[in-house]
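Taking it in order: structure first as structure tokens, then the write-up.
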Amino acid sequence: MFVTSSKRPDVVHVGALFSFDSVIGKAAKIAMEEAVIDVNKDLKILNGTKIKILPQHFTL
């Protein structure tokens with residue numbers, strides 16, 4: 001079966017693994033959250049599709 005058209009997803013989930021305890025991890029989490037807000041606010045960027053980050057704490 002061939003698909004001739006596809007619907008854009010309503011939400012794109014993006015996983016992020018980093019340490020929440022480090023200085024870089026804390027800054028990265030804030031930066032990602034703010035970037036998601038900016039992208040989701042401007043409907044022209046992804047034509048109405050929203051981004052949602054799924055942060056996970058990671059340590060070695």
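Under my numbering, residues 1 to 60 are what the sequence shown spells out, in order. Yeah, the Cβ is synthetic: ideal placement off N, Cα and C, and Gly gets one too.
(message) Can you look up K26 in the DSSP assignment and give me helix, strand or coil?
(response) helix
(request) Specify the secondary structure class of I51 as computed by DSSP and reduced to three states. (result) strand
(request) Compare the C-alpha of Q56 against each of K7, V14 and S6 and name the closest. (result) V14
(request) Starting from A16, follow its DSSP beta bridges and name the residues at the other end. (result) P55
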